[in-house]
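> Residue numbers (this note's numbering): 3 to 203.
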Amino acid sequence: MAAPAADPRPSAPVPRRSRLARARARRRSALWRRSDRWRSALLKIQVLGLAATTVLCALLGMSFYQQGRADAQQEAQSMRPAQAHVVGRPYPSGVGGDLAQVSWTAPDGSTRQGVAGVPTADHAGDQVQIWLDGSGNVSTGPTSTANVVGTAAISALLVMVGADAVLISAGAVARSRLNRLDQEAWEKEWLLYEPLWSRRR
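(1) Since W106 and A84 are thought to touch, with beta carbons under 8 Å apart, how far apart are those beta carbons, to the nearest angstrom?
(2) Roughly how far, in whole angstroms, is the beta-carbon of G127 from the beta-carbon of H87, given that I think they are within contact range, below 8 Å?
(3) When DSSP labels each residue in this structure, what does G127 get in the three-state scheme?
(4) Sort N181, V120, K190 by Cα distance to G90 and report the nearest one.
(5) CB-CB under 6 Å to G136, same chain, minus the five flanking residues each way: which ones, in chain order?
(6) With which residues is P94 paired in a DSSP beta bridge?
(7) Which two residues bound the contiguous alpha helix (DSSP H) that contains T56?
(8) Does the separation of the CB atoms of A158 and A60 fall below 8 Å?
(9) Taking the continuous beta strand (DSSP E) assigned at G119, which residues delimit it?
(10) Within a Cβ cutoff of 7 Å, which residues of the same chain sit near A154, ignoring the five residues on either side of it in sequence?
(11) For the alpha helix (DSSP H) containing V168, list its first residue and its last residue.
(12) Can you give the Cα-Cα distance for E186 and L193, rounded to whole angstroms?
(13) The beta strand (DSSP E) with V88 in it runs from where to where?
(14) Per the DSSP calculation, S227 is bridged to which residue(s)?
(15) Here's the rule I'm using: 16 or more other beta-carbon atoms within 10 Å means buried, otherwise exposed. How should I132 be labelled?
(16) To which residues of the same chain is W40 closer than 7 Å at the C-beta, ignoring the five residues directly before and after it?
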């Protein structure tokens, strides 16, 4: 009994078309509608818009950081540190740390008192550092670098989320409109060609 013949194999492998070639062939197809071209263009616009939004919001965050840092430095120049003693029992401030009545000596030698933020572990009689403004009153102190960075990052992130939401929503509305137009065109074509297919008058 003769052995079965081997499967014929091509002398050279068939080259595979790239994604770009397949996309071009699909666009030349008779089934490629005008709405499909609009959908493809809409997708490209959305991708480019999201990428541009990310870059612009990163630059905006850096601008927020530089402005916040300049404001913090200017604010720090109008303040000065001072040593004070806790004279009252600290109580929670609700935003981290405690508040307490403190006493300090003014440059003119007089003793002043005020409410300032103190570490949680401090007690009455402990010595703490406070910040005074240009008028000699207790201040919250200059803005830290961590707060500047956090504020800039959150602001830029909120702007990016808002811009991305607008782009995505606009794309969804445009695609919904294209789907509605396709449905209307299909209904018109069905009324025209269905009697021919079903051979009814």
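Idealized CB from N, CA, C, for every residue including glycine.
With the given structure in hand:
(1) 5 Å
(2) 7 Å
(3) coil
(4) Residue V120 is the option with its Cα nearest to G90.
(5) S80
(6) D100
(7) 36 to 79 is the extent of the alpha helix (DSSP H) around T56.
(8) Taking 8 Å as the cut-off, the beta carbon of A158 is found closer than this to the beta carbon of A60.
(9) 113 to 120
(10) G63, F66, Y67, G70
(11) 147 to 200
(12) CA-CA distance, E186 to L193, rounds to 11 Å.
(13) 82 to 88
(14) This structure cannot speak to residue 227, because the chain is shown only from 3 to 203.
(15) buried
(16) The residues are L180.
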